[in-house]
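If you read the sequence shown in the numbering used here, its first letter stands for residue 54, the second for the next number, and so on. Okay, structure first, notes after.
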Amino acid sequence: MWFFYVAIVIIGFFSPKLIDKYNRKQKLRTLIKQRAADRKINFEWAKNSFQKLDESRAVEISAKPFEELRNSLKNGEIGPVETLRAFQRKAYESTEKTNCVCFFIQEALEIAENLEHLATDPNYQKPPLFGVPVSIKESIHVKNLDSTAGYAQKINNPSDANSVSVDQLIRLGAVPFVHTNIPIALLSYGCSNGVYGTTLNPLDNSRVPGGSSGGEAALVSLGGSVLGIGTDVGGSIRTPASFCGLAGFKSSSDRSPQLGKTASIPGRQLLLSVEGPIAKNIDVCVEYLRLKWNDPLLYKKDVYMPPVKFQENLYNSEKPLKIGYYTFDGYQTASPAYQRAVRETVAVLKELGHELVPFEVPQPDHMYSIFCAGATADGGLYLMDSLANDIIPPEADIGFPVAKLPHFIQRLLRKYWHHRRERQIIQELPHDTEEMRQMHEKIEDYRHEFVLAMRAKKLDALVCPAFGCPPPHHGMPNKILGANSYPALYNLIDFAAGTVPVTVQKQEDEVELRKMKTEDSWDRRVVTESKNCIGLPVSVQIATPPYREEMCLRLLKQVEAKIGLYSRTH
Ligand SMILES: CCCCCCCCCCCCCCCCCC(=O)NCCO
Numbered sequence: 054m055w056f057f058y059v060a061i062v063i064i065g066f067f068s069p070k071l072i073d074k075y076n077r078k079q080k081l082r083t084l085i086k087q088r089a090a091d092r093k094i095n096f097e098w099a100k101n102s103f104q105k106l107d108e109s110r111a112v113e114i115s116a117k118p119f120e121e122l123r124n125s126l127k128n129g130e131i132g133p134v135e136t137l138r139a140f141q142r143k144a145y146e147s148t149e150k151t152n153c154v155c156f157f158i159q160e161a162l163e164i165a166e167n168l169e170h171l172a173t174d175p176n177y178q179k180p181p182l183f184g185v186p187v188s189i190k191e192s193i194h195v196k197n198l199d200s201t202a203g204y205a206q207k208i209n210n211p212s213d214a215n216s217v218s219v220d221q222l223i224r225l226g227a228v229p230f231v232h233t234n235i236p237i238a239l240l241s242y243g244c245s246n247g248v249y250g251t252t253l254n255p256l257d258n259s260r261v262p263g264g265s266s267g268g269e270a271a272l273v274s275l276g277g278s279v280l281g282i283g284t285d286v287g288g289s290i291r292t293p294a295s296f297c298g299l300a301g302f303k304s305s306s307d308r309s310p311q312l313g314k315t316a317s318i319p320g321r322q323l324l325l326s327v328e329g330p331i332a333k334n335i336d337v338c339v340e341y342l343r344l345k346w347n348d349p350l351l352y353k354k355d356v357y358m359p360p361v362k363f364q365e366n367l368y369n370s371e372k373p374l375k376i377g378y379y380t381f382d383g384y385q386t387a388s389p390a391y392q393r394a395v396r397e398t399v400a401v402l403k404e405l406g407h408e409l410v411p412f413e414v415p416q417p418d419h420m421y422s423i424f425c426a427g428a429t430a431d432g433g434l435y436l437m438d439s440l441a442n443d444i445i446p447p448e449a450d451i452g453f454p455v456a457k458l459p460h461f462i463q464r465l466l467r468k469y470w471h472h473r474r475e476r477q478i479i480q481e482l483p484h485d486t487e488e489m490r491q492m493h494e495k496i497e498d499y500r501h502e503f504v505l506a507m508r509a510k511k512l513d514a515l516v517c518p519a520f521g522c523p524p525p526h527h528g529m530p531n532k533i534l535g536a537n538s539y540p541a542l543y544n545l546i547d548f549a550a551g552t553v554p555v556t557v558q559k560q561e562d563e564v565e566l567r568k569m570k571t572e573d574s575w576d577r578r579v580v581t582e583s584k585n586c587i588g589l590p591v592s593v594q595i596a597t598p599p600y601r602e603e604m605c606l607r608l609l610k611q612v613e614a615k616i617g618l619y620s621r622t623h
């Protein structure tokens, strides 16, 4: 009988909370349904708009690569409105294939019409990106559109202003025309959320396009945009660019506007997300960054940004550099193709006269563990709270069940968790203010140690795998956390870093795969997910210290020109 009373008390205690939670989730489900209906109307609007342009003309315009498109717009061969309609069509088709676009930006039409009107004045000086349609990651603020970051709870909270970079793009003459998909919370290299669904890799639909700027990469890869703007706090520009065979670049945090932006986890001061370009080749990224950094107004709009213009002297320098390289960062053995990409890049850079020396990443286990601690900022409280109050379909589940547990259980797991690398991460997740201060101290110390290791070898730059494995299948990314160590390092130490595709996975790589030693589930999944990837692009990563972005771009350009996939196929 006592059991019955205890059960009543327990049910009585928990049921209001459960009912409350159920009601909250129901509201979110309704919001998601409304959002789907709004999205349908928005897509109808886009269809209506692009159908006003003859299809063959649209195909002709959207087939133009960035520079040709820009020139055609500049010399009046094509107009901003027809260009917009052409890319609306291509983006619409790309979304039918991969679900990459969340929303079409309706103001784009007004912007394009206004540019067209201005161009009728013979004295009008066309701005440098006159009429070029540019795609924008969903988390970057666009006036009147939501930036949900995949959270249903953020639906119907439209931004009241454009972000600094969207504003700048418009000032430069560009036409931001779509918002593209992301994984929930932006903390995954997959691309799924309960609001907009899953984005597919255009090169293999069963695999992720990368994340968190996955919608951008899928869209650019299919030719639905010539320039996409993503964000990166742990590889979110470089990984999707690599998975979709594109170039991607992230600067150090000082050279990207921080003012007014919303981070996936606000208050993460040592791991700031940065905005950056994704495009078919590195030239487009260079041109965008040149315009971005040479714009004096940028430094007035974000007064915290040091006014450092594009350093042509670094980009055009012919001075041979001393470059460190590694095929293994000491944390996660990369798939054979990703190691081969480094070896082939090293050979090319040597041929070009640079000096290449092996480099060892200091304290690799410590490096990735403090990255994870830094990326969650408060041991996962903010993230887990936000996720618990939302709708997360299985594919979008970013995992980290450990971070959901009460701290006293986490403290036990710090000692006894069976997975060595997960245990190391759990040991670094801060649970109180003292541990949080220590986490910041460890990140600062690690940066110092890394710079000393580079200085000991007098290195200008580093070359390494872009990622630990090819794009895994949907739902897998956060079960292979270790593979992200390659891009994440350069967020942890706040370096500039970029990736370019230099090869494709070959039969020989799949043979090598069989020899890979595995210690834990992450290693085993790297092996299984790397199978049957023949033909998928494989990128290399190049990194330089902060304020040497242009040196990094120079090297990426040199590598791309010699062995870049783009230079071979276009
Ligand atoms: C095994 C215990 C795990 C505890 C929690 C650890 C959380 C670590 C978070 C690591 C995330 C890894 C994937 C990151 C993908 C890229 C994120 C990114 O760059 N986002 C862009 C934001 O602008």
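Don't be surprised by glycine CBs; every beta carbon is placed ideally from N, CA and C. Here the structure is a predicted model, which means the values were calculated and not measured.
Tell me whether Tyr177 is buried or exposed, calling it buried when 16 or more other Cβ atoms sit within 10 Å of its Cβ.
-> exposed
Rounded to a whole number of angstroms, what is the C-alpha to C-alpha distance between Ile616 and Leu589?
-> 15 Å
Residue from Pro540, Ala139 and Ser218 with nearest C-alpha to Ala111 | Ala139
Start and end residues, alpha helix (DSSP H) containing Val112 = Glu108 to Ser115
Does the segment 124-142 touch the segment 80-97, meaning 3 or more C-beta pairs lie closer than 8 Å?
-> no
Take Asp10 and list the residues in its own chain whose beta-carbon comes closer than 6 Å to its own, dropping the five residues that flank it on each side.
-> The shown model of the chain, from 54 to 623, leaves out residue 10, and the question about it has no answer.
Please check the pair Asn210 and Asp220, which I expect to be a contact at CB under 8 Å, by giving their CB distance rounded to whole angstroms.
-> That pair is no contact at about 19 Å.
Starting from Ala596, follow the beta strand (DSSP E) in both directions and report where the run begins and ends.
-> Pro590 to Thr597
Decide if His460 is buried, meaning its Cβ has at least 16 other Cβ atoms within 10 Å, or exposed.
-> exposed
For my contact list, Val261 and Pro524 are in at a C-beta cut-off of 8 Å; report their separation, rounded to the angstrom.
-> 5 Å
Could you check how far apart the C-beta atoms of Gly243 and His527 are, in whole angstroms? I think they sit under 8 Å.
-> 6 Å
Integer Cβ distance of Thr552 from Gly301, believed to fall under 8 Å = 5 Å
Expressed to the nearest angstrom, what Euclidean distance is found between the alpha-carbon atoms of Lys100 and Thr148?
-> 12 Å
For the segment 421-431 and the segment 320-335, state whether three or more C-beta atom pairs, one from each stretch, are separated by less than 8 Å.
-> yes
Between Glu497, Asn585 and Lys584, which lies nearest to Asn544 when the distance is taken from Cα to Cα?
-> Glu497
Sort out for me which residues DSSP pairs Thr556 with in a bridge.
-> Val591
Reducing DSSP to helix, strand and coil, say where Asn209 ends up.
-> coil
Between which two residues does the beta strand (DSSP E) harbouring Gly268 extend?
-> Run containing Gly268: none in the beta strand (DSSP E); it sits in the alpha helix (DSSP H), Gly267 to Ser274.
Step through the CB atoms of chain D and report whether any lies within less than 7 Å of the CB of Gln594.
-> Among the protein chains of the structure shown there is no chain D, as only one such chain exists.
Is Asn537 near ligand 1, judged by its Cβ being under 6 Å from some heavy atom?
-> yes
Backbone CA spacing between Phe453 and Val593 [nearest angstrom] = 28 Å
With a threshold of 16 other CB atoms inside 10 Å of the CB of Ser306, please say whether the residue is buried or exposed.
-> buried
Give the DSSP-derived three-state secondary structure of Ile189 in the structure shown.
-> strand
Flag this pair as touching only if the segment 481-493 and the segment 405-412 have three or more C-beta atom pairs under 8 Å; answer yes or no.
-> no
Starting from the C-beta of Pro360, find all residues in its chain whose C-beta is less than 7 Å away, skip the five residues before and the five after it, and write them out in chain order.
-> Tyr352
Use the C-beta contact count for Asp285: other C-beta atoms within 10 angstroms, 16 or more gives buried, fewer gives exposed.
-> buried
Hey, is Tyr242 close to ligand 2, as in C-beta under 6 Å from one of its heavy atoms?
-> Annotation note on ligand 2: not contained in the displayed structure, which lists ligand 1 as its ligands.
Whole-angstrom distance between Val395 and Lys53, CA atom to CA atom | This structure gives no information on residue 53, because the portion of the chain shown stretches from 54 to 623.
In this structure, does DSSP put Val414 in helix, strand or coil?
-> coil
Mind checking whether the beta-carbon of Ser317 lies closer than 6 Å to any heavy atom of ligand 1?
-> yes
Could you pull out every residue in the same chain whose Cβ sits closer than 6 Å to the Cβ of Ser422, ignoring the five residues on either side in sequence?
-> Gln477, Ile478 and Glu481
Go to Phe156, then tell me how far its beta strand (DSSP E) extends in each direction, as first and last residue.
-> Val154 to Phe157
Is it the case that the CB of Phe548 approaches a heavy atom of ligand 1 more closely than 6 Å?
-> no
Range covered by the alpha helix (DSSP H) that runs through Ile376 | Premise fails: Ile376 lies in the beta strand (DSSP E), Lys375 to Tyr378, not in any alpha helix (DSSP H).
Identify whether His623 lies in helix, strand or coil by the three-state DSSP scheme.
-> Legend: pLDDT at His623 = 48, less than 50; position of this residue unreliable, value from coordinates given subsequently. DSSP places His623 in coil when its eight states are reduced to three.
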